[in-house]
Amino acid sequence: MTDATLSTTTIAPRADAAEPSVSPWKRALLYALLVAVSFLMLYPLLWMVASSFKPDSEIFTSTGLIPAEPTVDAYRRGWGGLSVSFGWMFFNSLVISLLVVVGNLFSCSMAAYAFTRLRFKGRSFWFTLMLGTLMMPQHAVLIPQYVLFLKLGWVNSILPLVVPKFLAIDAFFIFLMVQFFRGIPRELDEAAIMDGCGPLRIFLKVILPLSTPVLATAAVFSFIWTWDDFFAPLIYLNDIEKYTAQLGLRTFVDSTGTSDWGSLFAMSTLTVLPIFILFILFQRLLIEGIATTGMKR
């Protein structure tokens, strides 16, 4: 049976499958309800985007989504209004997020491969211990980590944000990849061994090429969580030249003076854009990775 025939056989709906009959009125009512709920969920985001194009005097005096006098002054003020360009903070966030993605994919995939395919003493114990770290709150290790990085001289640099990611500290991604690797037939490993491959070549030539969905899922989540992170950069970064975009947004709000809400909404809109673009580009792989790992075992 060819791939095309198999695909057609799998995807084609059954001829005798009886579709539930729904009246047009019920269908229209259902669609209207879904649109209303979707609008309610998206309204805060839409209001933020709309407010970024409003004059300051109109932001909190109107709840409408269409500005009476559209303007892009907030974008100009926000982009160049600080002592450091917001574009530079954008660049800092991008560098840190990409390094974290590389670190997580590199270290977590190797750790998952070891737990899945390699046999070593205490493997079950170490795997259980690794899963146990999922339940450890981040704040419980905050002070020891800060003291360690302070003694290493890494505070006020991106090293505390990036280096640990190359040491497989994200147990969630390791567990996600372990679940996916377990679904790859071991016969492929045995065939590779017969061809003279060792564990490293099996990992690079067999496992990784078949793991694109789960790697894409881990990459997308790593990027989003790092890009949106406010707490860790707030702890370790002091100079405004090293601020990330999330820390930069905080500078527009002054609890003791006048806050520039227009610039805050404008830069927040720009900060959200990379997340949308990333999700649109990798939506298929993201859903496939979550679905395949969730359905196994």
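Numbering-wise, the numbering used here puts 275 at position 287 of the sequence shown, and it's gapless, one number per residue.
Just so you know, even glycine gets a beta-carbon here, dropped at the ideal spot from N, CA and C.
Source: prediction; values computed, not measured.
Where does residue i sit, in a helix, a strand or coil, going by DSSP?
{"i": "W67", "result": "helix"}
{"i": "A20", "result": "helix"}
{"i": "T59", "result": "coil"}
{"i": "T239", "result": "coil"}
{"i": "V25", "result": "helix"}
{"i": "I54", "result": "coil"}
{"i": "A156", "result": "coil"}
{"i": "K113", "result": "It should be pointed out that residue 113 corresponds to Phe in this sequence rather than to Lys. Helix at F113."}
{"i": "V37", "result": "helix"}
In the DSSP assignment, find the unbroken alpha helix (DSSP H) run with residue i in it and report its ends.
{"i": "N92", "result": "74 to 105"}
{"i": "M123", "result": "Premise fails: M123 is in no alpha helix (DSSP H) and is neither H nor E."}
{"i": "S45", "result": "44 to 47"}
{"i": "L176", "result": "174 to 182"}
{"i": "A159", "result": "159 to 169"}
{"i": "F137", "result": "130 to 140"}
{"i": "V150", "result": "147 to 150"}
Using C-beta distances below 8 angstroms, list every residue in its chain close to residue i, excluding the 5 sequence neighbours before and after it, in chain order.
{"i": "L266", "result": "V208, F211, I212"}
{"i": "E46", "result": "P55, A56, E57"}
{"i": "I(-1)", "result": "Model confidence at I(-1) stands at a pLDDT of 46, short of 50, so the residue's coordinates are unreliable; what they give is reported in the following sentence. Cβ neighbours of I(-1) beyond the five flanking positions: none."}
{"i": "K14", "result": "none"}
{"i": "L122", "result": "A159, F160, F163"}
Would residue i count as contacting chain D if we go by Cβ distances under 8 angstroms?
{"i": "T200", "result": "Absent from the structure is chain D; it holds one protein chain and no more."}
Enumerate in chain order the residues of its own chain whose CB-to-CB distance from residue i is below 7 angstroms, with the five nearest sequence positions on each side excluded.
{"i": "I263", "result": "I212, W215"}
{"i": "A254", "result": "S40, A62, Y63, G66"}
{"i": "N92", "result": "K153, D158, F161, A206, S210"}
{"i": "M118", "result": "A159, I162"}
{"i": "I228", "result": "S71, V72"}
{"i": "I190", "result": "D177, A180"}
{"i": "I195", "result": "Y101, F169, I172"}
{"i": "M36", "result": "F253, S256, T257"}
{"i": "A99", "result": "A156, I162"}
{"i": "P12", "result": "none"}
Which same chain residues end up closer than 6 angstroms to residue i when comparing Cβ atoms and leaving out the 5 residues on each side of it in sequence?
{"i": "F240", "result": "D248, S251, L252"}
{"i": "L198", "result": "I172"}
{"i": "T49", "result": "none"}
{"i": "L273", "result": "P201, A204"}
{"i": "F270", "result": "A204, V208"}
Item to complete: Mind the definition here: the region 207 to 227 touches the region 82 to 97 only if three or more C-beta pairs lie below 8 angstroms; say whether that holds.
Response: yes
Worksheet item: Which ranges does the beta strand (DSSP E) cover as unbroken runs of at least 3 residues, wholly within the region 184 to 234, from first to last along the chain?
Response: none
Fill in: Unbroken stretches of the beta strand (DSSP E), 3 residues or longer, contained in the region 245 to 276
none
Discussion item. Contact between the region 175 to 188 and the region 121 to 134 is defined here as three or more beta-carbon pairs at a separation below 8 angstroms; is this criterion met?
Written reply: no
Discussion item. Between the region 231 to 242 and the region 67 to 79, can you find at least three pairs of beta-carbon atoms closer than 8 angstroms?
Written reply: yes
Practice prompt. Please confirm if the region 217 to 233 is in contact with the region 130 to 145, defined as three or more CB-CB distances below 8 angstroms between the two stretches.
Written response: yes
Practice prompt. Check whether the region 32 to 51 touches the region 244 to 253, taking contact to mean three or more Cβ pairs, one atom from each stretch, closer than 8 angstroms.
Written response: yes
Worksheet item: Using 8 angstroms as the Cβ pair cut-off and three pairs as the minimum, do the region 99 to 112 and the region 164 to 173 touch?
Response: yes
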